[in-house]
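Sequences listed follow chains F and P, in order.
The first sequence: position 25 = 27 (my numbering), numbered continuously.
The second sequence: position 5 = 1053 (my numbering), numbered continuously.
Just so it is clear, CB atoms sit at the ideal spot from N, CA and C, and this is done for glycine as well.
All values derive from a computational prediction rather than experimental measurement.
Here is the structure we will look at, set down as structure tokens.
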Amino acid sequence: MKNLIRYVVTRALLTIPMLLILLTIVFVVVRVMPGDPVSSMLGGHAPQSVIDQKKEELGLNRPLIVQYGDYLMQICRLDFGESMILHQKVLDAIGDKIPATIELTFFGMIITLLVGVPLGAYAADKRRSAQDYAIRLYGIVIYCIPVYWLGLMLQMIFGVWMDILPVAGRTGARVFVSTFEKTGFYTLDTLLVRDFEAFADVMLHLVLPSVTLGLVLSGIFIRLTRANMLDVLKSDYILAAEARGIRHRRVVYKHAILNAFVPILTMMGLQVALLMAGAVLTESTFSWPGMGRLLLERIYLRDYPTIQGIIVIFALIVAFVSLIVDIIYALVDPRVRY
Amino acid sequence: MKYSPTSAMGQLIGRMTGMGRKYGVEWWILVIGAVIIAAIIIMALLAPWLAPYSPHDQATGPQLAPPSGRHWLGTDNLQRDVLSRIIYGSRTILGVAILAALLSSTIGITMGLISGYTGGFMDKSLSLVMDSVYSFPGLILAIAFAAMLEPGVISITIAVAVIYIPTYFRLVRGQTLSIKEELYVEAARAIGAPGKVILWKYIFPNVIATTVVVFTMNVGDAIMIEAALTYLGLGLPPSVVDWGMDLAMGKKFLPSGQWWLITFPGGMISLLALGFTMLGEGLAEILNPRLLER
């Protein structure tokens, strides 16, 4: 137990330099690179005096090192300043959108696991058979299909041709968000107020985006599960289980899969980056009002504080999730210690 | 035996043909990938001869016409021929993806070699930086770069290249760390070879082989990132012919059912990415059967 606590503390401390580096990169990309936020914000034709005044206001004419220190202090206080375009706190804007992104990625991940893990386990069980090759081919092909194109094709098939699923947004026209909105997680909110009609509508809107995101990531999980299952199936305890006369199916899909799951769990941590990138594209394709769509909207508006804030939040999420996954890994597998 | 790139290539080709029968399915994955890439590269090179119309010609026929004998893949809302735009668009995506992969591999490999060989504080801090960037969503980093730079082919190449530097760095650094402990490196050091010579003549040739597979897969990935950026409206000015931008434009006509405007550009992006991924998979299996764990 003492060991475990030490591991958790060390791992948490290691997150700090990583975060600092990511924050510095964001600062460099947004502030130091060519392109002047103020003049592009004011339309490029503003008189110099106006530009100077605005720069003064935003503190952009101070030495970079001072700006950098300020920026780090702001982040420590979780204060991302105010949008340059709209009079809205950046954190409020992000807070409005973040539940939509989390909801989408959560259901996407469920689809990924539901498709990827069983298929990967089945492929490993039937190694070098036609089914194995078919599943692996599916894994390669689905990995190469850009998530935005898959989304568009699904929209066309299920939304336009068959007209059975909604293709945009989180709710339909007959559902009023204000009647249930509380946490921003619509599936949870609708259940809390027991509005099952709205719940069905919210779930229906989730189908295409989360299937799109989930399917694209499933290829990676098929590969991971298959590779880990192959290792597990070779081990002695599997042979022992078979020898004791436990049914083959039970050995593979219960004993083996549970043991293969630990490495899959860590890989899940590494896939968070891919999940986030996929979410940005899925949101843009399905007009899903989440963080990714907010980022793109603000990029077109050249709203630098908001852009910076969103990227910082993404960095925080990635660092946090990988920390959590590592801790869970240490809890599950007692061999993992520093 | 003295190392030279040509003899290594010869050996590689000999081994590949020899192992072809042995590897079965993996071999065919490699061949199919190579054929897809070759076909699209030929299409890009011969674009002026293959394309029935100019990709910018706004009077090739009726507006938003479905595929027909005159327009194999239909026309778009500006009366441009979709097939011609696909043929010309291959130049942009191939050029950007390959250039970006070359740029990031050059930087990543050089940094990885030097960092792994010198070690010490610089190596530790550089590794930490690279690991941090590696863990961050590549697409979002590329979006940030593309949004800050003026749209253009060079900007998008840089935006795509930046996110792959850590991949090469980590791979090469790890290899360098183990190779520098080898006996032949110690021997070279003992006879007084300077660091530069050891690095480029002894370590580099042994590292480069493993990066080939990563490079191929990297190009496949870069294709999807390039198309993602242009699909989002970032990175390229509208005058450039590009699959991702055509896809974004086609998206507007999806509700009215003009399926050919999204099916073909998106299908080509997938096909090209698939070609490079399959080639990489096949190469990985044949060059190093343990790399992908069966």
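- Under DSSP, P:D1129 takes part in a beta bridge, and its partners are P:T1123.
- Contact between P:M1265 and P:F1184 does not hold, since their C-beta atoms are separated by about 19 Å, which reaches or exceeds 8 Å.
- Closest in alpha carbon position to F:G174, among F:Y140, F:S289, F:C78 and F:G247, is F:S289.
- The secondary-structure analysis by DSSP pairs F:K91 across a beta bridge with F:E84.
- Bounds of the alpha helix (DSSP H) holding P:E1234 are L1231 to A1238.
- Identification of chain P residues near F:M158 by a Cβ-Cβ cut-off of 9 Å yields L1302, G1305, W1307, I1310 and T1311, ordered along the chain.
- Under the 10 Å beta carbon count, F:Y150 is surrounded by 16 or more other beta carbons and is classified as buried.
- Under the 7 Å criterion on CB atoms, F:M20 is classed as interfacial with respect to chain P.
- In the structure shown, P:T1108 adopts coil according to DSSP, grouped into three states.
- DSSP places F:D197 in no alpha helix (DSSP H); its state is neither H nor E.
- Between the segment 1077-1087 of chain P and the segment 1269-1277 of chain P, the count of Cβ pairs shorter than 8 Å is below three; the stretches do not touch.
- At least one CB atom of chain F sits nearer than 7 Å to the CB of P:T1325.
- When secondary structure is reduced to three states using DSSP, P:F1169 falls in the helix class.
- Listed along chain P, the residues sitting closer than 7 Å to F:A279 by beta-carbon distance are P1185, G1186, L1187 and I1188.
- If only complete runs of 4 or more residues are kept, the segment 1158-1226 of chain P shows the alpha helix (DSSP H) at 1168-1183, 1186-1196 and 1201-1210, in order along the chain.
- Around the C-beta of F:N230, 16 or more other C-beta atoms lie within 10 Å, and the residue is accordingly described as buried.
- The residue among P:I1135, P:L1078, P:A1092 and P:M1159 with its C-alpha nearest the C-alpha of P:F1252 is P:M1159.
- A direct Cα-Cα distance of roughly 32 Å separates P:P1286 from P:L1327.
- Taking the Cβ atoms as the reference, F:V254 lies roughly 18 Å from F:A132, outside the contact range of under 8 Å.
- Chain P places no beta carbon closer than 7 Å to that of F:V323, leaving this residue out of the contacts.
- Per DSSP, F:Y255 lies in no alpha helix (DSSP H) segment and is marked neither H nor E.
- In this structure, the alpha-carbon of F:F263 lies about 11 Å from that of F:K256.
- With a 10 Å radius around the Cβ and a threshold of 16 neighbouring Cβ atoms, F:D127 comes out buried.
- In the structure shown, the three-state DSSP call for F:T185 is coil.
- Ranking P:S1152, P:L1335 and P:P1313 by CA distance to the CA of P:R1133 puts P:P1313 first.
- Legend: CB atoms of the segment 298-328 of chain F lying less than 8 Å from CB atoms of chain P belong to residues L298, I301, Y302, I309, I313, F316, A317, V320, A321 and S324.
- The beta carbon of F:C146 falls within 7 Å of a beta carbon belonging to chain P, placing the residue at that interface.
- Interface annotation, F:V254: not in contact with chain P, CB-CB separation never under 7 Å.
- By a beta-carbon distance limit of 8 Å, P:V1177 does not contact P:A1190. Their separation comes to about 17 Å.
- The three-state secondary structure of P:P1303, taken from DSSP, is coil.
- Note on F:M20: 16 or more other CB atoms within 10 angstroms of its CB, so buried under the neighbour-count rule.
- With fewer than 16 other Cβ atoms inside 10 Å of its own Cβ, F:K4 counts as exposed.
- With three or more CB-CB distances shorter than 8 Å, the segment 276-290 of chain F counts as touching the segment 86-106 of chain F.
- For F:V327 against F:L277, the beta-carbon gap comes to about 12 Å, at or over 8 Å, which does not count as contact.
- Setting aside the 5 residues that flank it on each side, P:Q1223 is surrounded in the same chain by V1255 and T1258, each with a C-beta closer than 7 Å to its C-beta; the list follows chain order.
- For P:I1162, the nearest beta carbon of chain F is not closer than 7 Å to its own beta carbon.
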